[in-house]
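Student: Numbering that gives the first Met the number 0 applies: residue 0 is where the sequence shown begins, and numbers increase by one. Note that beta-carbon positions come from the ideal geometry of N, C-alpha and C, so glycine has one too. Dumping the structure here so I can ask a few things about it.
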Amino acid sequence: MIKTFIVKGMSCGGCVGSVEQAIKAAAPAASVEVFLDGGLVKVDGVEDDFVVQKAVEDAGFTFEGKV
Ligand SMILES: [Cu+2]
């Protein structure tokens with residue numbers, strides 16, 4: 000099941016990579032797609048939303064919740 004989250008604070012491709020890597024590190028089985036435009040993060044294969052939230056916040060970005 001694909002979940003879409005809103006992440007604030009990404010401003011360039013480097014931020015996209017950081018968010019992607021942080022989520023992949025926290026949930027290695029997940030597939031992650033980050034859209035700089037609109038700050039959307041689509042994650043497939045994560046049961047617990049908090050895993051995504053923590054990874055995003057630990058990477059220094061703002062987790063705004065699920066779409
Ligand atoms: Cu950046």
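Give the residues whose C-beta lies closer than 6 Å to at least one heavy atom of ligand 1, in chain order.
Tutor: Selection output, chain order preserved: SER10, CYS11, GLY13, CYS14.
Student: With a threshold of 7 Å on Cβ separation, who are the neighbours of GLU63 within its own chain once the five nearest residues in sequence on each side are excluded?
Tutor: Cβ within range, chain order: ILE5, VAL6, LYS7.
Student: Return the residue from the list MET9, MET0, LYS2, THR3 that minimises the CA-CA distance to GLY59.
Tutor: Measuring from the Cα of GLY59, the nearest candidate turns out to be MET9.
Student: For ALA54, tell me which candidate among ALA28, GLY38, ALA24, LYS65 has the shortest Cα-Cα distance.
Tutor: Checked all of ALA28, GLY38, ALA24, LYS65; the closest Cα to ALA54 is ALA24.
Student: Suppose you measure from the CA of ASP57 to the CA of MET0; what does that come to, to the nearest Å?
Tutor: About 24 Å.
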